[in-house]
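Just so you know, we're using the working numbering here: the sequence shown kicks off at 14 and counts up by one.
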Amino acid sequence: MIAPRSLANVFGRLVGSVVAVVVALAVVISSLVACDRGASDATIDAKDPAAMRTAMSAIEASLRGARSDEALRIATRLTEVAPQNGEAFELLARAQLARATSATIPEVVRDARIAAAAAYAQAVAFSPPSAGLLNAAGVAAQFSGDAAGAVDYFARAAAIDPSNPQHPLFAGLALLQVERFAEAQQALLVARTLDPHSPWPLVALSGLALHSGDANEALALAREARQLDARNDELRVAEAKALRKLARHDEVLTLLLALPPAAQLTEAITWEIAAAHEALGDNESGAQAWGKWAEISGSAEAAVDAARRWTEAGDPMQAQSWIAVAKQRGWRGASTAK
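Written as structure tokens, this is what we have:
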């Protein structure tokens with residue numbers, strides 16, 4: 014099973030952003046792709062299968078080469094000349110998601126995610142029923158903030174492919190976001206039954222137990238998940254959250270600071286390290302820990318949070334410095350640093 018990146022965010026604040034898994038359908042790559050990218054979108058003839066395939070291959074090549082703007086330009090043109098072609102809209106959706114992934118300005122990220130979800134909706138409408146496509150549409154809907162729409166896509170995917178544990182897992186996460194907790198638990202238990210060797214349904218159930226107020230059960234489930242994949246550092250996050258809820262902050266630091274320094278530099282792990290330091294009254298260490306992540310993430314929101322933490326640590330100069338970084342990254346809010 015693919016590990017959903019949004020698990021950390023969903024259980025960081027229990028409702029949060031994004032499963033970032035997009036299903037890429039295999040497309041044959043034409044040998045014509047590399048030579049004339051500039052003319053690819055100018056010569057598309059919807060009635061010419063070879064021209065359509067060349068354009069689609071050009072989009073695939075642009076996506077592989079991390080040229081999201083180029084992919085988006087060609088895909089947009091492709092949907093204009095073939096407005097009922099499901100594969101064209103799927104490529105447009107993937108190009109929008111690539112744009113969202115590469116962007117640093119929050120408004121651009123938001124708009125690209127919404128556009129990707131709309132393109133996937135068109136792809137589903139114009140394509141034969143496909144569990145993979147429905148799953149990808151659900152992921153895009155969740156990226157865009159439409160968790161209720163994501164639930165519907167994942168349920169439809171599960172109806173087509175009931176043996177795939179990813180569909181009920183993703184449905185369970187989306188159901189958690191819309192606070193349909195009983196349904197979420199049922200979906201997650203199905204995912205656990207379908208794939209008893211995957212830690213991710215257990216992580217999700219741990220988050221659900223934490224939400225319901227049973228931190229001890231959450232801790233037990235998180236530790237069971239870690240036993241299934243002891244080398245996955247991100248699985249420590251669920252355990253850290255349960256320990257934090259139990260006010261066992263020293264144990265959080267023992268758990269997470271045992272990781273190599275490079276492994277600590279993920280958003281979810283760094284957040285828990287910073288929160289543990291702050292809960293123990295060491296705001297400066299918390300701000301320093303978060304600052305390491307904020308520096309490499311390139312995120313405006315991370316920089317704003319660094320400013321907040323340094324303000325709480327009593328260092329207004331560091332806070333103002335991070336506000337300046339946030340503005341350089343596209344943040345448009347008012348300074349809250351004192």
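For glycine and all other residues, C-beta sits at the position ideal for the given N, C-alpha and C. The structure presented is a predicted model; accordingly, all values stated were derived computationally and were not measured.
Write down the C-beta distance between LEU76 and ALA84 rounded to the nearest angstrom, noting that I regard them as a contact closer than 8 Å. 5 Å
Identify, in the order they occur along the chain, each residue of the same chain with its Cβ nearer than 6 Å to the Cβ of ALA160, setting aside the five sequence neighbours on each side. ALA187, GLN190, VAL191
So ASN177 packs on ALA154, CB below 8 Å; how close in whole Å? That belief does not hold up - the Cβ atoms of ASN177 and ALA154 are roughly 18 Å apart, past 8 Å.
Which residues in the same chain as PRO119 place their Cβ atom closer than 8 Å to its Cβ, once the five residues preceding and following it in sequence are excluded? ALA313, GLU314, GLY343, TRP344
CA-to-CA distance, GLY151 to ASP165, given in whole angstroms: 8 Å
Buried or exposed: which applies to THR267, given that a residue is buried once 16 or more other Cβ atoms fall within 10 Å of its Cβ? exposed
Comparing alpha-carbon positions, which option in HIS180, HIS262, PRO214, ILE309 lies nearest ALA275? ILE309
Do SER219 and ALA195 have their CB atoms nearer than 8 Å? no
For LYS305, the nearest candidate out of PRO329, GLN277, ALA332 (CA to CA): GLN277
Proximity below 8 Å, CB of ALA64 to CB of ILE72: no
Indicate the three-state DSSP secondary structure (helix, strand or coil) for LEU278 in the structure shown. coil
How about SER115 and SER157: are their beta carbons less than 8 Å apart? no
Cutoff 7 Å; reference VAL250; Cβ partners in own chain excluding five residues on either side: ALA21, ALA281, ILE282, GLU285
Inspect the beta-carbon positions of LEU215 and GLU247 and report whether they are closer than 8 Å. no
My parser needs the alpha helix (DSSP H) runs of 4 or more residues fully inside the segment 280-326; what are they? 280-292, 296-310, 313-325
If you draw a straight line from the C-alpha of VAL265 to the C-alpha of ASN296, how long is it? 16 Å
Inter-residue CB distance, ALA307 and TRP323 (contact presumed, cutoff 8 Å): Going by Cβ atoms, the distance from ALA307 to TRP323 rounds to 10 Å, so no, they are not a contact pair.
Please return the same chain residues whose Cβ sits closer than 6 Å to the Cβ of ALA95, not counting the five positions on each side in sequence. ALA59, ALA101
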